[in-house]
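Engineer: Numbering (our numbering), first residue to last: 7 to 835.
The structure under discussion is supplied below as structure tokens; questions concerning it will follow.
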Amino acid sequence: RIQRKFKQLHDSQREWATGVLLCAYGTSIILFINVVLTIIAASMSYSKHTGQNYNYSGLYQGNCSTSKNLTRGLHALINVLSTLMLAASNYCMQCLSAPSRQSIDEAHAQRKWLDIGVPSLKNLRSIGRKSQILWALLCITSVPIHLIYNSTVFSTLATREYGIYVASSDFDPNDPPKENLAYPNCFDEHAAENMSDFYTNIRTFDKLPISKCQDAYAVDFNTNRGTVILVTNNPRAGNTSLLYTGTGNWPDRVGNPKNLGYSWMCNGSDCSRKMLEEDTKSAHGKWPISAEVRPMPVISATVFSETTYTLNSTTLKDVPDIQVSSDELGDIRRLKRRMWEQPPYEELHRFLHDPRGWKNSSWAEAIKIHELDNPCPSYSFTPSWPMQLDYSPTSRVVETTVRHCLSEKVNEKCQLLFSLPLCLAVILCNSIKVLAIFLTAHGSRREVLLTVGDAMSSFLSNPDKTTEGNCLLSKSSIKASESWKPSSVNAHILQKGRQVTLSKRQRWVYSVSRRDWILTIAVITLVFLLSGYLLSSAIIGLSDSNKDSLRGIWNLGFGTVSPSAIMRTDGHRSYYRFLPTVLRANAPQIIVSLAYFLYNHKLTSMLLAAEYDGYGTDRKPLRVSWPKGPQRSTYYLSLPYRYSICLLSASAALHWLISQSLFFVAIIPYSPDGKPTPDSERVTCGFSPLAIIFAMSLGVLMVGAILALGMRRFKSNIPLAGSCSAAISAACHPLSDDEHALKPIMWGEVQIPRAEPTSHFPGTNEETDFSDSELDARGRAVRRDQSSQESGVGLLARDDVSDDSGESYGHCSFTSHEVITPSPLRRYA
7 RIQRKFKQLH DSQREWATGV LLCAYGTSII LFINVVLTII AASMSYSKHT GQNYNYSGLY
67 QGNCSTSKNL TRGLHALINV LSTLMLAASN YCMQCLSAPS RQSIDEAHAQ RKWLDIGVPS
127 LKNLRSIGRK SQILWALLCI TSVPIHLIYN STVFSTLATR EYGIYVASSD FDPNDPPKEN
187 LAYPNCFDEH AAENMSDFYT NIRTFDKLPI SKCQDAYAVD FNTNRGTVIL VTNNPRAGNT
247 SLLYTGTGNW PDRVGNPKNL GYSWMCNGSD CSRKMLEEDT KSAHGKWPIS AEVRPMPVIS
307 ATVFSETTYT LNSTTLKDVP DIQVSSDELG DIRRLKRRMW EQPPYEELHR FLHDPRGWKN
367 SSWAEAIKIH ELDNPCPSYS FTPSWPMQLD YSPTSRVVET TVRHCLSEKV NEKCQLLFSL
427 PLCLAVILCN SIKVLAIFLT AHGSRREVLL TVGDAMSSFL SNPDKTTEGN CLLSKSSIKA
487 SESWKPSSVN AHILQKGRQV TLSKRQRWVY SVSRRDWILT IAVITLVFLL SGYLLSSAII
547 GLSDSNKDSL RGIWNLGFGT VSPSAIMRTD GHRSYYRFLP TVLRANAPQI IVSLAYFLYN
607 HKLTSMLLAA EYDGYGTDRK PLRVSWPKGP QRSTYYLSLP YRYSICLLSA SAALHWLISQ
667 SLFFVAIIPY SPDGKPTPDS ERVTCGFSPL AIIFAMSLGV LMVGAILALG MRRFKSNIPL
727 AGSCSAAISA ACHPLSDDEH ALKPIMWGEV QIPRAEPTSH FPGTNEETDF SDSELDARGR
787 AVRRDQSSQE SGVGLLARDD VSDDSGESYG HCSFTSHEVI TPSPLRRYA
């Protein structure tokens with residue numbers, strides 16, 4: 007069926023639509039893949055998981071490495087599909103903007119010219135309304151795809167808060183203390199489990215030496231470790247064998263490089279792995295702690311809202327799952343932070359009745375606080391070198407060292423999430439693209455000039471009178487000519503016989519206008535500036551964290567979340583921040599897509615000019631969209647496969663690297679009992695220094711490649727026409743009717759009919775006689791093939807045609823007859 011369709015296109019002189027139809031089939035396959043994957047993801051997510059957010063839902067929960075690798079693989083697939091859609095759209099947009107011969111003739115009559123063989127905004131005014139609408143649809147639907155496609159799937163980082171305990175050297179998990187009757191209640195409060203279960207679970211804890219204990223807990227995001235018990239060398243600290251000291255990896259510290267979740271391991275709030283290693287080394291491998299044993303009163307605060315709930319100063323249980331305003335949520339966080347500092351009753355009372363700092367001071371004043379006895383012993387400490395503490399007379403300072411740790415190993419809860427609304431948006435844009443491309447393929451346009459070969463074939467078969475007698479017309483000379491400006495519509499058609507000399511061989515770079523180069527360089531510079539800013543921010547962040555920059559950058563890898571490489575936002579209420587964060591994370595994709603279009607345009611322009619220049623050195627058939635006889639046909643427009651495949655591969659790789667350089671980050675903290683804390687979720691953007699370096703390196707390589715191509719010189723002195731229809735037209739006046747377009751052609755000084763005794767050359771006022779003896783006498787140094795002898799043609803002598811001043815000049819054109827290499831010292835018209 008497909009072959010029959012292609013044959014119909016060939017028979018109707020619409021073979022240019024074959025490539026468009028292939029694009030339609032390709033984008034249809036991509037649409038099918040998107041629909042199937044969305045259905046599978048939705049069925050998996052909504053059938054296995056409950057309580058899903060409207061914005062996103064879970065596909066997988068478990069090992070963090072697995073979820074991250076799945077995300078990377080899916081992003082690689084997404085960027086391949088999006089790049090293919092971008093390439094298909096670019097191909098079809100170029101076909102839609104390609105002019106017909108009629109539109110070119112109309113433009114030339116008005117002293118205007120159109121682009122041929124390259125993506126063009128200039129041509130949009132000359133195409134029909136339907137084609138303009140289809141072109142706009144293909145362009146507009148590309149924006150949301152690159153803006154949101156990479157965020158349809160993403161992984162979350164699950165961090166675990168954990169309890170910290172200090173035990174004496176004779177701590178025995180098989181012998182819980184029995185002298186304190188209130189002791190079992192402390193486990194319900196601190197450990198989120200009863201004493202029996204707690205002591206039973208201790209038997210499964212890993213026994214870690216000091217170095218491994220520090221390695222396990224001195225991490226940016228704790229994902230697989232729970233309760234830690236520091237077993238000291240001090241016997242019976244505080245007349246009890248196990249003391250609770252607080253929690254590590256507290257939710258409000260998640261993602262804060264200045265106040266990491268393991269700051270309890272160092273002296274003060276600032277801490278890093280490097281500091282910890284140096285301190286341990288200076289203590290000869292020991293881990294000393296200076297701590298304070300004290301009974302702390304419990305402050306209970308009852309909050310009256312739509313639902314009444316109570317906060318406890320020692321546990322600060324999460325706010326119940328109720329809907330509160332953003333202002334109230336901010337006030338709750340402020341209250342929790344203050345209560346965590348364990349202030350006396352009177353101080354907390356003054357704090358609540360001070361209207362400064364509260365969003366709703368009436369809400370704060372209505373809170374009821376109570377002071378309760380705290381039967382649970384605590385061990386407020388900082389592993390320090392040394393430590394200064396202010397303590398009450400009932401407190402007692404204990405200095406000791408850590409012997410080893412007992413660490414609880416917990417299951418990771420990282421997730422792979424997908425966003426159904428974003429998937430549906432991508433499917434909608436994909437569907438519109440498929441429809442627009444099919445409508446383009448089934449349009450009524452015939453003999454559209456897609457390639458330079460199409461234009462040359464048309465102009466050789468039916469020469470354009472508006473450019474006759476100006477054989478060395480180039481794109482730059484047309485732009486500089488007053489007669490080709492819109493204001494000179496009533497001016498005479500180009501003056502025939504305007505003699506010019508042949509220009510020197512130029513470089514490929516001049517096939518693109520200076521304005522286009524400036525625009526491309528500006529966009530590429532913007533990309534590098536943005537990348538450099540993110541990279542410098544990450545390096546500074548790593549330096550501030552006292553990490554070795556180069557080693558730290560390499561260890562982070564691609565798309566890895568680091569506190570020193572995430573954007574600073576309030577980050578909470580992920581429901582409201584989801585879409586803005588997605589748009590921010592994928593904004594660079596739009597810039598890279600724009601850079602792709604500009605890069606593709608420059609590469610196409612240079613290769614188009616190189617193909618055009620090739621006819622100045624080699625005789626070969628034209629490459630056209632609907633071939634006849636020996637003419638060549640291909641599905642690409644102006645980019646050969648060896649270039650287009652490399653460009654698509656590099657573009658897909660660059661989009662993937664960008665997705666790993668700046669990416670969506672969702673951090674979900676879990677409490678010590680393994681329950682999520684929704685009010686502490688953090689949604690922001692992260693950036694990966696290593697991915698940025700690779701992306702910038704690939705970008706530099708691509709820029710270097712196109713500049714290297716631009717430095718190449720053309721093989722012949724053929725005027726640089728580029729994509730300019732008028733310049734191409736001017737070079738297609740062979741001075742004889744011989745179906746040149748259907749034969750192998752070459753550019754050079756033209757042949758004239760041997761049989762005609764006289765010839766009137768365009769731009770001359772005299773008739774000139776030619777004979778075989780005169781031509782032979784002038785020593786024409788050309789090789790005549792058998793076909794030219796049989797056709798009865800000869801070469802135009804170099805001094806047989808002259809103007810009124812007596813200066814001779816010649817004429818150049820594409821032709822299937824014999825040509826000679828034009829002389830740079832001779833004038834041509």
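Glycine included, C-beta positions come from ideal geometry on N, C-alpha and C.
Note that the structure is predicted; figures quoted are calculated from it, not measured.
(1) Who are Y66's beta bridge partners in DSSP?
(2) Determine the extent of the beta strand (DSSP E) in which V330 is found, giving its start and end residues.
(3) How many angstroms separate the CA atom of G710 from the CA atom of P684?
(4) I'd like to confirm the pairing. Which residues does DSSP put opposite S278 in its beta bridges?
(5) What separation, rounded to the nearest whole angstrom, lies between the Cα atoms of A142 and Y66?
(6) Is it buried or exposed, A372, if we count other Cβ atoms within 10 angstroms and call 16 or more buried?
(7) For S686, which residues in the same chain have their Cβ closer than 6 Å to its Cβ, ignoring the five residues on either side in sequence?
(8) Please give me, in chain order, every unbroken run of the alpha helix (DSSP H) with length at least 4 that falls completely inside the segment 562 to 649.
(9) Does Y205 come out as helix, strand or coil in the three-state DSSP assignment?
(10) According to DSSP, D212 sits in a beta bridge with which residue or residues?
(11) Can you give the Cα-Cα distance for T313 and V330, rounded to whole angstroms?
(12) Between the Cα of A737 and those of S306, Y52, G459 and S34, spot the shortest distance and give me the residue it belongs to.
(13) So is N417 buried or exposed if we call it buried at 16+ other beta carbons inside 10 Å?
(14) Just to check my reading of the structure: P105 and L455 have Cβ atoms closer than 8 Å, yes? What is that Cβ distance to the nearest angstrom?
(15) Pick from V567, T623 and F693: whose alpha carbon is nearest that of S543?
(16) Expressed to the nearest angstrom, what Euclidean distance is found between the alpha-carbon atoms of T473 and S735?
(17) Identify which residue in L43, D226, S137 and G134 has its Cα closest to the Cα of P569.
(18) Extract the residue ranges of the alpha helix (DSSP H) inside the segment 423 to 484, only unbroken runs of 4 or more that lie entirely within it.
(19) Suppose contacts are defined by Cβ-Cβ distances below 8 Å. Is R638 in contact with L645 by that definition?
(20) Would you kindly check if the distance between the Cβ of I208 and the Cβ of L412 is under 8 Å?
(21) Let me check understanding here. Comparing Cα to Cα, which of N180, L525 and T229 lies closest to T210?
(22) Helix, strand or coil for E755 per DSSP?
(23) Measure how close the beta-carbons of T158 and K439 come, nearest whole angstrom, since I'm counting them as under 8 Å.
(24) State yes or no: is the C-beta of F720 within less than 8 Å of the C-beta of M462?
(25) Residues bridged to A675 by DSSP?
(26) Can you tell me which of the three DSSP states K374 falls into?
(27) How should T316 be labelled, buried or exposed, when 16 other C-beta atoms within 10 angstroms of its C-beta is the threshold for buried?
(28) In the DSSP assignment, find the unbroken alpha helix (DSSP H) run with F700 in it and report its ends.
(29) On the DSSP bridge assignment, give the partners of F160 in chain order.
(30) Starting from R107, follow the alpha helix (DSSP H) in both directions and report where the run begins and ends.
(31) Just reading off the beta strand (DSSP E) that R513 is part of, what are its end residues?
(32) Rounded to whole angstroms, how far is the Cβ of A658 from the Cβ of T89, which I believe are closer than 8 Å?
(33) Below 8 Å on the Cβ atoms is my guess for A48 versus L426; work out the distance and round it to an integer in Å.
(34) Which of the three DSSP states is assigned to A307 in this structure?
(35) With a cut-off of 8 Å on the beta carbons, I'd call K608 and T526 a contact; round off their distance for me.
(36) Which two residues bound the contiguous alpha helix (DSSP H) that contains Y250?
Structural biologist: Looking at the atomic coordinates:
(1) Counting from 1 along the sequence shown, the entry for residue 66 is found at position 60. DSSP, once it has assigned bridges, lists L422 as partnering Y66.
(2) Position 324 of the sequence shown, counting from 1, holds the residue named residue 330. Segment: none, V330 is in no beta strand (DSSP E) and carries neither H nor E.
(3) As a first step, residue 710 is located in the sequence shown; it is residue number 704 there, counting from the start. As a first step, residue 684 is located in the sequence shown; it is residue number 678 there, counting from the start. Distance between the alpha carbons of G710 and P684: 48 Å.
(4) For the purposes of this step, residue 278 is identified with residue 272 of the sequence shown, where counting begins at 1. Beta-bridge pairing links S278 to no other residue.
(5) By 1-based counting over the sequence shown, the position of residue 142 is 136. By 1-based counting over the sequence shown, the position of residue 66 is 60. Spanning the two alpha carbons is a distance of roughly 39 Å.
(6) On the sequence shown, position 366 is the one that residue 372 refers to. With fewer than 16 Cβ atoms within 10 Å of its Cβ, A372 is classed as exposed.
(7) Looking up residue 686 in the sequence shown gives position 680. Taken in chain order, the residues that qualify are P257 and P675.
(8) 580 to 620
(9) To locate residue 205, count along the sequence shown from 1; it is residue 199. Of the three classes helix, strand and coil, the one that applies to Y205 here is helix, per DSSP.
(10) Position 206 of the sequence shown holds residue 212. Paired residues: S413.
(11) Taking the sequence shown and counting its residues from 1, the one referred to as residue 313 is at position 307. Taking the sequence shown and counting its residues from 1, the one referred to as residue 330 is at position 324. Rounded to the nearest angstrom, the two C-alpha atoms are 10 Å apart.
(12) Numbered from 1 along the sequence shown, position 731 holds the residue referred to as residue 737. Measuring from the Cα of A737, the nearest candidate turns out to be G459.
(13) Stepping through the sequence shown from its first residue, residue 417 is reached at position 411. By the 10 Å Cβ count, N417 comes out exposed.
(14) Reading the sequence shown from its first residue, position 99 is the one you call residue 105. Reading the sequence shown from its first residue, position 449 is the one you call residue 455. Going by Cβ atoms, the distance from P105 to L455 rounds to 6 Å, so yes, they are a contact pair.
(15) Locating residue 543 in the sequence shown gives position 537, where the first residue counts as 1. Nearest of V567, T623 and F693 to S543, Cα basis: F693.
(16) For the purposes of this step, residue 473 is taken as residue 467 along the sequence shown, with counting starting at 1. For the purposes of this step, residue 735 is taken as residue 729 along the sequence shown, with counting starting at 1. Their Cα atoms are separated by approximately 6 Å.
(17) On the sequence shown, position 563 is the one that residue 569 refers to. That would be D226, whose Cα lies nearest to the Cα of P569.
(18) 426 to 447 and 458 to 467
(19) Residue 638 sits at position 632 when you count from the first residue of the sequence shown. Residue 645 sits at position 639 when you count from the first residue of the sequence shown. It is not a contact, given that the beta carbons lie outside the stated cut-off.
(20) Taking the sequence shown and counting its residues from 1, the one referred to as residue 412 is at position 406. Taking the sequence shown and counting its residues from 1, the one referred to as residue 208 is at position 202. Closer than 8 Å, so yes.
(21) Taking the first residue of the sequence shown as 1, we reach residue 210 at position 204. Nearest option by C-alpha distance: N180.
(22) Locating residue 755 in the sequence shown gives position 749, where the first residue counts as 1. E755: strand per DSSP, three-state reduction.
(23) Position 152 of the sequence shown, counting from 1, holds the residue named residue 158. Position 433 of the sequence shown, counting from 1, holds the residue named residue 439. Actually they are not in contact, since the Cβ atoms of T158 and K439 sit about 16 Å apart, beyond 8 Å.
(24) Against the sequence shown, residue 720 aligns to sequence position 714. Against the sequence shown, residue 462 aligns to sequence position 456. Not closer than 8 Å, so no.
(25) The residue you call residue 675 lines up with position 669 of the sequence shown. Residue identity differs from the one stated: residue 675 is Pro in this sequence, not Ala. Partner(s): T165.
(26) The residue labelled residue 374 in the question sits at position 368 within the sequence shown. If DSSP states are grouped into helix, strand and coil, K374 belongs with the strands.
(27) In the sequence shown, counting from the first residue as 1, residue 316 sits at position 310. So T316 counts as exposed.
(28) Taking the sequence shown and counting its residues from 1, one reaches residue 700 at position 694. Element bounds for F700: P695 to G716.
(29) Working through the sequence shown from its first residue, we reach residue 160 at position 154. Looking at the DSSP assignment, F160 forms a beta bridge with L423.
(30) Numbered from its first residue, the sequence shown carries residue 107 at position 101. Element bounds for R107: R107 to A115.
(31) Taking the sequence shown and counting its residues from 1, one reaches residue 513 at position 507. No beta strand (DSSP E) holds R513; DSSP gives it neither H nor E.
(32) Residue numbering aside, residue 658 sits at position 652 when the sequence shown is read from its first letter. Residue numbering aside, residue 89 sits at position 83 when the sequence shown is read from its first letter. With a Cβ gap of about 4 Å, A658 and T89 count as contacting.
(33) To locate residue 48, count along the sequence shown from 1; it is residue 42. To locate residue 426, count along the sequence shown from 1; it is residue 420. Rounded, the Cβ-Cβ distance is 6 Å, consistent with contact.
(34) Against the sequence shown, residue 307 aligns to sequence position 301. A307: strand per DSSP, three-state reduction.
(35) For this step, residue 608 is matched to residue 602 along the sequence shown. For this step, residue 526 is matched to residue 520 along the sequence shown. Yes, they are in contact, since the Cβ atoms of K608 and T526 sit about 6 Å apart, within 8 Å.
(36) Start at 1 with the first residue of the sequence shown, and residue 250 comes out as number 244. Y250 -> not in any alpha helix (DSSP H); beta strand (DSSP E) instead, spanning L248 to G254.
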